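Taking it in order: structure first as structure tokens, then the write-up.
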Amino acid sequence: MKKLIIAALTLLPSLVMAAGPSVALDKANYDLRDQASLQNGAKLFMNYCAGCHNTQYQRYNRVAEDLGIPEDIMQANLNFTGAPIGELMRSAIPEKDAANWFGAPPPDLTLVARVRGADWLYTYLRSFYKDDSRPFGVNNLVFPSVGMPHVLEPLQGSARLETVTRMVDGHEVDTPVGIKADGNGEMAADEYDHAVLDIVNFLVYSGEPIKLERQRLGYWVLGFLAIFFVFAYLLKKEYWRDVH
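For the sequence shown, the positions run -18 to -1, 1 to 226 when mature numbering (1 follows the signal peptide of the UniProt record, and there is no 0) is used.
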């Protein structure tokens, strides 16, 4: 519990300024019961995100067991640091170097879905656009002045910000209305959206791996309480029968 609190406090300073302008968030229709989605999300996350970001409150063997991935496949294809299967999932990038390159160490993402929400993550990962004024040549509609590169650009391709011109107080103002990919990525637009949803699904799982089990046990507890209530009510009637 102490480590989870520390992780949340670590994330908050990095994300508190991420609200950005008033951007409508797209609905992330993730499904924690979709094992194929979780496996693909884990694969994409480890290949494109884990080079910089930790999920250091997860362990390789726990993820492998929960997602139905054989441990040998996990070690061979999703563990790029050579850590033992029982180790925490840390990135290979030294924190000091990351701070020098990006201005601050990339935040741990174990709890990011719980801190920001699945809809925010889903919209954020689909809102990068080309901006030559930024250090990495991209900006983000949800998180303006973002300090990270668009690591999924090979999949999505280059994207540009679409705007409309409106009159505000007698002046023409360009207002952002969305992002348009140029179609030069490895995936079509709908394929990229699905890939992002898989990553979000994996991060939602990472934030609370026991969520489905907790919900399952909750139904049993409610059922027990309902049955207990019946017996308690009958006992009460029997106990007070002679009193009344």
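In this text, a Cβ means the ideal position worked out from N, Cα and C, and glycines have one as well. Note that the coordinates shown come from a computational prediction; the quantities given were computed from them, not determined experimentally.
| query | result |
| --- | --- |
| Terminal residues of the beta strand (DSSP E) in which methionine 28 lies | No beta strand (DSSP E) contains methionine 28, which is instead part of the alpha helix (DSSP H) from 17 to 30. |
| Whole-angstrom distance between leucine 134 and valine 128, CA atom to CA atom | 14 Å |
| Inter-residue spacing [alpha-carbon to alpha-carbon] between proline 3 and valine 124 | Confidence at proline 3 is low in this model, with a pLDDT of 48, below 50, so the placement of that residue should be treated as unreliable; the coordinate-derived value is given next. Proline 3 and valine 124: Cα-Cα distance of roughly 7 Å. |
| Beta-carbon proximity list for glycine 68, same chain, < 8 Å, skipping 5 on both sides | Arg41, Tyr42, Asn43 |
| Whole beta strand (DSSP E) elements within the stretch 38 to 81, 3-residue minimum | none |
| Secondary structure of isoleucine 181, DSSP reduced to three states | helix |
| Where the alpha helix (DSSP H) containing glutamate 195 begins and where it ends | 193 to 222 |
| Rounded distance between the beta-carbons of aspartate 175 and arginine 108, thought under 8 Å | 7 Å |
| Tyrosine 221 classed as buried or exposed, judged by whether at least 16 other C-beta atoms fall within 10 angstroms | exposed |
| C-beta atoms of glycine 139 and aspartate 164 nearer than 9 Å | yes |
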